[in-house]
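Structure, as C-alpha cells:
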Amino acid sequence: MGQAFDITLVLDFFPKLISYLPITILILVVSVLLGIVIGFIVALPRIYHIPVVRQIAAVYVSFMRGTPILIQLFLIFYGLPAILEWIHIDLSRVDPLVFVIITYALSSGASFSEIIRGGVANVEKGQVEAAYTIGMNEKQTFIRIVLPQALVTSFPNFANSVIGFLKDTSLAFTIGVMDMLGRGDTLISATAHALEVYITLSIIYYLIAILLEKLFALSESKLQRHQQQLVSNQ
Numbered sequence: 001m002g003q004a005f006d007i008t009l010v011l012d013f014f015p016k017l018i019s020y021l022p023i024t025i026l027i028l029v030v031s032v033l034l035g036i037v038i039g040f041i042v043a044l045p046r047i048y049h050i051p052v053v054r055q056i057a058a059v060y061v062s063f064m065r066g067t068p069i070l071i072q073l074f075l076i077f078y079g080l081p082a083i084l085e086w087i088h089i090d091l092s093r094v095d096p097l098v099f100v101i102i103t104y105a106l107s108s109g110a111s112f113s114e115i116i117r118g119g120v121a122n123v124e125k126g127q128v129e130a131a132y133t134i135g136m137n138e139k140q141t142f143i144r145i146v147l148p149q150a151l152v153t154s155f156p157n158f159a160n161s162v163i164g165f166l167k168d169t170s171l172a173f174t175i176g177v178m179d180m181l182g183r184g185d186t187l188i189s190a191t192a193h194a195l196e197v198y199i200t201l202s203i204i205y206y207l208i209a210i211l212l213e214k215l216f217a218l219s220e221s222k223l224q225r226h227q228q229q230l231v232s233n234q
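The sequence shown begins at 1 in the UniProt record's numbering and counts up by one.
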C-alpha cells in the first residue's frame, strides 16, 4: 500500500528525476541520428526498385513497424549477444545503453525510411523529367530537385516520430538503463509515493515534448522559406 498523496513531493522529486534527463536525451539524439542514416539506406532500394534488396528492406520495415518496441528491445538485448557468441564475440560487459541505442536506431530507421519514401513519392514527376531534359543525371536530380522538396513535405511526420520516440525511451529502464524512469522506479521503492513520481515524470516528458514541438515548428518554417527561395531563384 502506498503512502498518502503529498503534492509537495512533486517539487522534491523534480530535481532528482531531471538530473537523469541527459541519459534520455542521449538515447533520443544518437538513435535518431543513426535512424536517419538507416532510413536513407533502407528507403533508396525501395525508391529505385533494386531487386532482392528492395524485398529485404520491405521485410525489415514491416517487422520493425509491426512489433512492439519493448519486444524489439528484449530481442536485441538478449538475442544479439547470443548470436555473436557463436562467433566468439562476448558482449556480456557491454553497457545496456548500447543495446537501447541500437534498438531505437533500428526502430526509428524503419519509420524514417517510410517517411523518406513518402516524401520522395510526393515530388511531382514532371520536375524530375524537366531536370533530365536540362542535362541532370539521376544523382544530381535526386540531390538538387527531389531531396530538398521531400525534406520539406516529410518534416512534420519526422517531427511527430521523434516526439513519439522520446516517449518510447522510457522503456530503457526495463533492461537496466538508469534513465529518468529508472530513477523514478528507485524513488518509488524508497518512498512508496508512486503517484507523485509519475506526476513529476509526466510533467518533465510533457515539457520536453512541448520544447521539441516549438523547435521543430521553427525549423519547418525555415526549411519552407529556404525552399521558396530556391524555387524563386530557379
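Every residue, glycine too, gets a C-beta built ideally from N, C-alpha and C. Source: prediction; values computed, not measured.
Tell me which residue opens and which closes the alpha helix (DSSP H) that ASP12 is part of.
8-18
If you scan the segment 6-86 from start to end, which runs of the alpha helix (DSSP H) of 4 or more residues do you find wholly inside it?
8-18, 21-47, 53-66, 69-74, 80-85
Does the pairing of the segment 7-14 with the segment 81-96 give three or more beta-carbon distances under 8 Å?
no
Please classify ALA4 as buried or exposed, where buried requires at least 16 neighbouring CB atoms within 10 angstroms.
exposed
Over what stretch of residues does the alpha helix (DSSP H) that includes LEU97 continue unbroken?
96-121
Which word fits GLY79, buried or exposed, when buried means at least 16 other C-beta atoms lie within 10 angstroms of its C-beta?
exposed
Just the C-alpha distance for ARG65 and ALA43, rounded to the nearest angstrom, thanks.
14 Å
Candidates THR133, PHE165, ASP95, of which the one nearest PRO68 by Cα:
PHE165
Report the option in LEU223, ARG183, GLU213, ALA194 whose CA atom is closest to the CA atom of LEU21.
ARG183
With a CB to CB cut of under 7 Å and the five nearest residues on each side skipped, what residues in its chain are close to SER154?
ILE115, ILE116, GLY118, GLY119
Whole-number beta carbon distance between LEU28 and THR169, since they are thought to touch under 8 Å:
6 Å
Straight-line Cα distance separating GLU124 from THR133
15 Å
Residue of ILE38, VAL32, VAL52, LEU75 minimising C-alpha distance to THR174
LEU75
Within the same chain, show all residues whose beta-carbon is closer than 8 Å to that of GLU213, passing over the 5 residues directly before and after it, in chain order.
ALA159, ILE163
Please classify GLY176 as buried or exposed, where buried requires at least 16 other C-beta atoms within 10 Å of its C-beta.
exposed
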